[in-house]
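Peer 1: Here you go, one structure.
Numbering (our numbering), first residue to last: 38 to 205.
Given below as structure tokens:
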């Protein structure tokens with residue numbers, strides 16, 4: 038069950054059509070804001086979240102509303118605001134996909150996340166690479182170990198199990 042949060046009806050319609058033709062996936066709810074989607078009372082297996090919504094909500098706050106319910110988030114964006122992509126990564130988004138991507142790449146990202154994998158893209162890597170705070174961060178050995186596992190494509194759950202720590 039996929040949820041979509043986007044304030045452009047045409048984007049919702051296009052995504053719904055792309056997702057619903059994929060066997061085993063269906064859009065269970067759509068809304069223009071995160072509170073509207075949550076009010077539907079559906080537990081989603083994944084939410085596609087537009088990075089910039091007209092209600093001026095922050096991506097990090099929106100992502101945390103879903104991740105606190107153990108609902109993974111895939112950011113769906115034009116990719117024109119790298120600082121918001123970095124904010125989303127820090128808040129726990131499982132991936133990012135551009136609105137201009139081919140439908141099969143959007144579906145591949147969705148399927149990856151549903152399998153518990155990170156849907157890493159060039160846009161995400163580029164945004165993180167330009168993050169001066171991240172580059173200058175003094176990481177402990179344990180933090181570097183966790184980061185190395187993430188960089189290799191491991192999920193938060195698998196990293197936690199491998200290192201005998203909590204996902205949080």
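Glycine is no exception: its CB is placed at the ideal position from the N, C-alpha and C atoms.
Which whole-angstrom value is the C-beta distance of residue 131 and residue 144, which I expect to be below 8 Å?
Peer 2: 15 Å between Cβ atoms; not a contact.
Peer 1: Quick check on the burial criterion: 16 or more other C-beta atoms within 10 angstroms. Buried or exposed for residue 117?
Peer 2: Residue 117 should be labelled exposed.
Peer 1: I want to know whether the region 95-108 touches the region 124-140 - three or more CB-CB distances under 8 Å.
Peer 2: Contact holds: three or more Cβ-Cβ distances are below 8 Å.
Peer 1: In terms of residue numbering, what span does the beta strand (DSSP E) encompassing residue 41 cover?
Peer 2: Per DSSP, residue 41 belongs to the beta strand (DSSP E) from 39-42.
Peer 1: Checking 7 Å against the spacing of the C-beta atoms, do residue 85 and residue 113 come in under that value?
Peer 2: In this structure, residue 113 lies closer than 7 Å to residue 85 by Cβ.
Peer 1: From the DSSP output, in three-state form, read off residue 81 for me.
Peer 2: Three-state result, residue 81: coil.
Peer 1: Around the Cβ of residue 40, are there at least 16 other Cβ atoms within 10 angstroms (buried) or fewer (exposed)?
Peer 2: So residue 40 ends up on the buried side.
Peer 1: Here's the rule: buried if 16 or more other CB atoms are within 10 angstroms of the residue's CB, otherwise exposed. What is residue 81?
Peer 2: Per the 10 Å Cβ criterion, buried.
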